[in-house]
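Note that the working numbering gives residue 153 to position 88 of the sequence shown, counting from 1, and the numbers run on in steps of one.
Below you'll find the structure, written out as structure tokens, and then a few comments.
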Amino acid sequence: MEYIQTMEKFNEVIQSEKPVIIKFFADWCPDCKRMDMFIDGILEEFNNYAWYEVNTDQLEGIAQTYEVMGIPSILIFQNGEKLAHQHSAYTKTPESVTEFLHQQLG
């Protein structure tokens with residue numbers, strides 16, 4: 066999973082013609098740390114997609130721009146548009162994240 070540190074890079078990444086998956090997180094977030102414990106298996110299953118992560122505390126305003134009200138959140142972008150968003154309440158188990166990705170990406 067590639068770490069995005071600038072808005073320029075973020076804007077470049079989301080222009081992809083293929084869907085890209087971006088995890089929104091923060092260092093202080095306990096649910097984010099829990100997700101880190103199970104995300105590797107999901108990355109393996111969906112390894113045909115590019116994965117990125119964004120620290121919402123480092124890119125000021127990005128959470129508001131993309132309506133990320135809780136973290137961790139998983140967002141899918143393609144051609145500069147947000148296609149799907151799994152809010153924090155639904156990212157607590159590997160099953161819920163996997164099910165979301167299957168529904169959105171096939």
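Even for Gly, the Cβ is constructed at its ideal location relative to N, Cα and C.
If we count the other Cβ atoms within 10 Å of its Cβ and call it buried at 16 or more, is residue i buried or exposed?
i	result
PRO137	buried
GLN80	exposed
ILE83	According to the sequence as given, residue 83 is Lys; it is not Ile. Under this definition LYS83 is an exposed residue.
LEU148	exposed
LEU140	buried
Residue i bridges to which residues according to DSSP?
i	result
HIS150	LEU140
TYR68	GLU118
Could you give the distance in angstroms between the alpha-carbon of residue i and the alpha-carbon of residue j?
i	j	result
ILE127	GLU73	12 Å
MET100	GLN151	13 Å
TYR114	LEU170	10 Å
THR156	VAL162	6 Å
GLN168	ASP96	22 Å
GLU164	MET66	19 Å
GLY106	GLU146	26 Å
ALA154	MET134	10 Å
LEU124	ILE87	14 Å
Looking at C-alpha atoms only, which residue of the options is the closest neighbour of residue i?
i	options	result
MET158	GLU77, TRP93, LYS98 and GLU132	Correcting the residue type first, residue 158 is Thr in the shown sequence and not Met. The residue with the shortest Cα to Cα distance from THR158 is LYS98.
GLN143	TYR68, GLN70 and PHE75	PHE75
CYS94	GLU160, LEU166, TYR131 and ASN120	ASN120
Length-filtered (4 minimum) alpha helix (DSSP H) runs lying within the region 70-123: DSSP runs (the alpha helix (DSSP H)) wholly in the region 70-123: 72-78 and 95-110.
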